[in-house]
Structures are given as structure tokens and as C-alpha cells.
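K.L.:
In terms of numbering that gives the first Met the number 0, the sequence shown has 580 at position 581, counting the first letter as 1, and numbering is strictly consecutive. Each residue gets a CB set at the ideal place from its N, CA and C atoms; glycine is no exception. For clarity, every value in this text was computed on a predicted model and none was experimentally measured. Pasting a structure below so you can have a look.
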Amino acid sequence: MGDSSSFQELAVREIVFSARMPQGRSMVSVFRKLLLAASCSALAGCATPAATEFDWLNVAKPAQADQYSDFLVGRYASLTNDPELAAENFVRASAREPDDSILLERAIFSLLLAGERDQALALAKAGQKSVDEISSLTRLTLAISEMSSDDFKEARILLANGETGLFNRIVSRSIAAWAALGEDDEDGSKSQLIESLVGDDVLDGVSLYMLGLIQMSAGNDEDALETFEAVWGERMRLAVACEHYIRLLSAKGETDKALEIADQFRREVGPNPAVDSLSKKLRAGEPISVKRLKPTEGAAIAVYSLGTALATETEDDIASVYFNLALMLDPELDIARTMLGSTLDYSDRGEEAVEILRQVSETSPFYATSRGQLAWALLRLGQEDEALEVARDGQAKTGDRDLTIQLGDLYRTVGKFDEAYRWFDSVVTSDEAEGREDWRSYYARAVTLHELGDWEGAERDLLRAVEIDDGQPQVLNYLGYSWVDRGENLQKGFDLIQEAVRLSPNSGYIVDSLGWAYYMLGQYPQAVLYLERAVELSPDDPTLNDHLGDAYWRAGRELEARFQWRHALALDPDEADIAGIEAKLASGLKAPEPSVMAGESGVTEPS
């Protein structure tokens, strides 16, 4: 199935989710090499679970909570995604039992989830006086307050005491590492980072980048470069670290390598305002200085980065707690603010996302990014005209290339394909004039040309996108599926779809493409196999469920087919598809017409 929303995902989320999973050796081995002089006993004591266990809260239900209506309402509000109501009730429940650390923790968590940072801090300070032993999130909140007041000693004391779950322990030790730097204790920083190792490549990679940032901030540029180079070689990509890696290389006179790093980041991850800005300055011959981070700035980056890692592991808004903590440390950290807005938007908290994203000022390097995200959030709230106006206004003020692409994609999403083509074409034309090669812009224009009925133009752009980068599954899938759907280049089309599935085996819509291609060829058992897998991966997609129903019917499994069609209707399909699904429920499918494709494809099975 060609995915109509895939470019929106590409254009919006890749700007913000700027960390990618590393491939290859464990980060632990890199730590051992770089920190050989540090305490080996601390390293040996680190747990190394096979997979990250995000037990970030580790909060149990109070033993006598059932008697408190406030607790029950707060719990219900938490389950129904109403953090403001949850916070209101948990705060009241905590006030009734001020010595209950569990209620205090729940109240602070709900306040942070709701974005009430000042209230969360005030409650944590009050609880510190009334609770015998404060729990992990309360302690984190208090330590962050001490960091903001430059009381690094007190922050370290708070972070060193008490029990914490795995994730909060990593967050605590990352903050403690920056607090140690605030007391000129670089060895203490290293020890904290060693103790934060958990055997997870992404989380350990963040800790290793923190080591590099601490070395840089302490003036040990050569050590920092060695650290950045080592973790970069392990294919861990984090935008905030990439920015400082580029700055260090530039200051050392290694402009070519700095540009190579910037280009590689954009190729592998996508656009990022800070990295792209440095790239432009380097190409213009402008000087770039090293930026030494204050302990609070570094700690904010650490919390933000770990929150980003958490956001990629969860589908809810829990990461917003950590983005709010990062903003408590550094209110100017707009990369955390844009990530917070994105997380809220994708958690069906669109109105809150809009409020957060409007806070990014025009002077921020993340202004264009925030305008794009704001436009999408408004569109999802049904405010189409304002969404387009926000994107147009942001594009006019910034001329930002990636916002221009998003503007085109907004027009494409609302069905205004002529306008979409105009914006996408302007990007491609500008790129070609500058000698830039970006598969994204060709892919975007191709999808729009296809919608406008110009398959030849679309095919030309898709082939160009594949020529630039043949490892992008959405492009391979779109081209391969289109060929099979048109009865053209069947073997090549299947080869492309199979390669897309290999590259992205957990993408429901890509696996659906392979199953639906088999369906169109009349190979129904194979179609059922892949379409069942697609629905497993994306159970809430009405189109995929509809496709599976069709395949069941053709395979003689009519009862299952009707069940699947009913399920597709329950998933709120596009209005244009409803009548067709209802007709199938009433009368089933007509006998398939003889197809030139069926039985004559010569298509080989995937290995």
C-alpha cells in the first residue's frame, strides 16, 4: 500500500526525533576504552539487561487509597488521558495525607505531565518537609531546583540518596555528572556516567555523549573530540551532540570533516535546525566557535536526550515529564519545547501542543520547526485554514527549506495538489540550482504528481530518489507498489517491495503492500500471510483490515472476511471507503475478473 501520510511523518518527526539506534558493538565497550583510567569497580557493577526496562516511576498504589475519592478520580483521569484533572485530584489527595510519599510522587508526576512545572516544584519543596523519605521523581525535581540555583553540592546530595527505578537512575546520574562539573570535579562526572551504564546502546550512547559534552565544557577539547569520534563511529546520532562535535572540529580547523559530519547527519537522520545552521555557516566560510555549556545547560540537554530516547520506546506522553524537567533546568532549550509539543500532539493533546509550540520565538533556531509542528497540530484539530496560514507565514518569514516541504505536504494532505506541487517543485528547482541531492524532495514531488495523474513524472522522480538513496523503504515501497498496481515491471516491483519489507519489517503499511501485491496477482494464500502480519503491526488501520478481509474472502474464509470488514468500519475509515466496505458486508466480493497479471507474473518468492 502506498502510504499517503509517510512524508508528513518524514517531514515533521525526523526534525525532532534526532536520535537513531546505533548498529554494531555495544556502547559498553566504547566506554571501557574511553574511561579506562576511571574506576573499574563502578563499571563492573553496572547491570546489563538484554533490553531496556523503562520502570521510570516504580510507584505503587497506596495501601488505603480506596477510601479517597480524590485518588480514585485522579487515577481514572490518568487512565483517560486527562492530566490536569489527575493533577488536581492527586494534589488534593496528597494534601490530605501530607506524609504519604506515594501520593506526593503521583501528584508531582501528574503536575509535570500537565506542564505545571512551578506547582510541581512547590509541592516537592513542601513534601520535603513533611515526608520522611522522598521518592525518586520528587528528589529529581528538588535536585533540578538546586541546580537552577547553582547549588551543585546540594543537588549531588539529593541525587545520591534514595532508591530509584532504572530510568530515573540514569537521569539522576546524568544530572549528577553535570553537578559534579559545577564543582570542578571532572572525575566525579566520569564516575556518575560510568554508573549510568545499563547495557542499552541508545541510553549508554546518550551517557557517552554527555561525557564528551562535559569534557568540552571543561576545556578538554582533545578528549571531547576523541569521545565524539568514538560514539559517532558506533552510529549513534544525537543532534545536540552532533552540533558540538561540528563546533569542535571547526575550531580545530577541520572544516571538511565538520561538513562531512553535518551532511552525514542529514542523510541518515534528517533535517535539524542547529546542525543545518552550522552547515550553512561552514559553507559560507563564517567562523564557528566552541560553546562551553553551563552545568544547568548540560543537565537540561541530558534530561531532554534521555526523554527523547524514552519517547521512541513508548506511545504515550510520559516523556513529556522529562521534557518539562529539562525546561525547568534551561527555559531557553527550544529543542525540548518543540519535542514536548510534538509528544503532546501525538498523544491527542493537541490544544496543549498548540499552546507550547506558540511559545517558540521568531529569534529561536527552532522557530521554523515549531511553525511546521504547530501547523500540523492545528490541522489535526480541524483548523485547516489557520494551519495553512501558520505554515505560509513561517515560510515567508524564514524561507526555511524544510518548512517549505512541510507546507507542500500540508496542501497535499488537504487535497490541494496543485498548490502542493508548486511548493515541492520550488524546493526541487532550488536544490538542483545549488547542486543539492535530496531524495526527500523528489519523493514528495513524485507523490503529488501521482495524485495529479502524471504517472510518468512521478515515476521519473521516484527513480531519481532511488538513485540518490536506494535504502529508503518508503520510496522503494511506493515505486514497487505502483509498478505492481499498474501491471508494469512486476518482478522489479516485487523486488523493491521485498527490499522495503527487509529494511522496515515492522512497518504495517509496507508489509501490507507486499500482501496486497500478491492479492492482485491472485496468489491469495501468500496475500493472507502478509496481510495478517500487516494487521498485527498496525491493528488500528482501517485500510489494512479491509485488505485482509478481501484476502480472506478470496481464500474461501468468508466468515473471517466479514469480521474483518466490520472491524475496518469500526476503525473510522475514510468516508469514500465506507460504502464499498458496507457493500462487501452485504454481498461479499464478486468473482475476480481474469487478470493478465495473475498467473503470468513470473514473480519469485521472497527468500
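1) One question on the structure: do residue 318 and residue 302 come within less than 8 Å of each other, judged by their Cβ atoms?
2) Return the first residue and the last residue of the alpha helix (DSSP H) that residue 163 is part of.
3) In angstroms with no decimal places, state the Cα-to-Cα distance between residue 50 and residue 199.
4) Report the rounded CA-to-CA distance for residue 323 versus residue 115, giving the unit in angstroms.
5) Tell me the rounded alpha-carbon separation between residue 307 and residue 376.
6) Measure how close the beta-carbons of residue 205 and residue 237 come, nearest whole angstrom, since I'm counting them as under 8 Å.
7) Mind reading off the beta-carbon distance from residue 479 to residue 492? Whole number of angstroms is fine, and I expect it under 8 Å.
8) Is residue 97 buried or exposed, if buried means 16 or more other CB atoms sit within 10 Å of its CB?
9) How do the stretch 159–169 and the stretch 288–299 stand: do at least 3 beta-carbon pairs fall below 8 Å, yes or no?
10) Cα separation between residue 333 and residue 366?
11) Considering Cα atoms alone, identify which of 577, 183, 208 is closest to residue 192.
12) Counting only runs that start and end within the stretch 190–267, where is the alpha helix (DSSP H) found for 4 or more residues in a row?
13) Classify residue 490 as buried or exposed, calling it buried when 16 or more other Cβ atoms lie within 10 Å of its own Cβ.
14) Tell me the residue span of the alpha helix (DSSP H) that contains residue 415.
15) Since residue 344 and residue 391 should fall inside the 8 Å C-beta cutoff, what is the C-beta to C-beta distance between them, to a whole number of angstroms?
16) On the CB-based measure, 16 or more other CB atoms within 10 Å of its CB, does residue 505 come out buried or exposed?
17) So is residue 239 in contact with chain D if we call contact Cβ pairs under 8 Å?
18) Is the stretch 576–590 in contact with the stretch 508–525, if contact means three or more CB pairs nearer than 8 Å?
19) Identify, in the order they occur along the chain, each residue of the same chain with its Cβ nearer than 8 Å to the Cβ of residue 441, setting aside the five sequence neighbours on each side.
20) Taking only three categories from DSSP, how would you classify residue 80?
21) Apply the 10 Å Cβ neighbour rule to residue 439 and answer buried if 16 or more other Cβ atoms are within range, or exposed otherwise.
22) Which word fits residue 448, buried or exposed, when buried means at least 16 other C-beta atoms lie within 10 angstroms of its C-beta?
23) Taking residue 329 and residue 310 to be in contact with their CB atoms under 8 Å, please state how far apart those CB atoms are, rounded to whole angstroms.
24) In the DSSP assignment, find the unbroken alpha helix (DSSP H) run with residue 479 in it and report its ends.
25) Do residue 475 and residue 499 have their CB atoms nearer than 8 Å?
26) Which of the three DSSP states, helix, strand or coil, is assigned to residue 394?
27) Which residue's Cα is closest to the Cα of residue 242: 331, 410, 212?
28) Sorted by chain position, which residues of the same chain lie with C-beta nearer than 8 Å to residue 277's C-beta, five sequence neighbours on each side aside?
29) With 16 other CB atoms within 10 Å as the buried threshold, where does residue 314 fall?
30) Should residue 514 and residue 550 be called a contact, given that it needs their Cβ atoms to be closer than 8 Å?
31) Would the beta-carbon of residue 106 fall within 8 Å of that of residue 130?
32) Under the rule that 16 or more other beta-carbon atoms within 10 Å means buried, what is residue 120, buried or exposed?
33) Determine the closest residue to residue 416 out of 395, 72, 445, with distance taken between C-alpha atoms.
34) What residues in its chain sit with their C-beta under 6 Å from that of residue 111, if we drop five residues either side in the sequence?
35) Are the Cβ atoms of residue 561 and residue 584 separated by less than 8 Å?
P.N.:
The relevant details are as follows:
1) no
2) Careful: residue 163 lies outside any alpha helix (DSSP H) and carries neither H nor E.
3) Unreliable placement is indicated for residue 50, whose pLDDT of 35 sits below 50; no coordinate value is reported for it.
4) 9 Å
5) 19 Å
6) 7 Å
7) 4 Å
8) exposed
9) no
10) 9 Å
11) 208
12) 200–216, 220–232, 238–250, 254–267
13) exposed
14) Careful: residue 415 lies outside any alpha helix (DSSP H) and carries neither H nor E.
15) That pair is no contact at about 20 Å.
16) exposed
17) Of the protein chains in the structure, only one exists, and it is not chain D.
18) no
19) 427, 460, 461, 463, 464, 467
20) coil
21) buried
22) buried
23) Their Cβ separation, rounded to whole angstroms, is 18 Å, which puts residue 329 and residue 310 out of contact at 8 Å.
24) 472–485
25) yes
26) helix
27) 212
28) 242, 245, 246, 249, 257, 261, 287
29) exposed
30) yes
31) no
32) buried
33) 445
34) 119, 320, 323
35) yes
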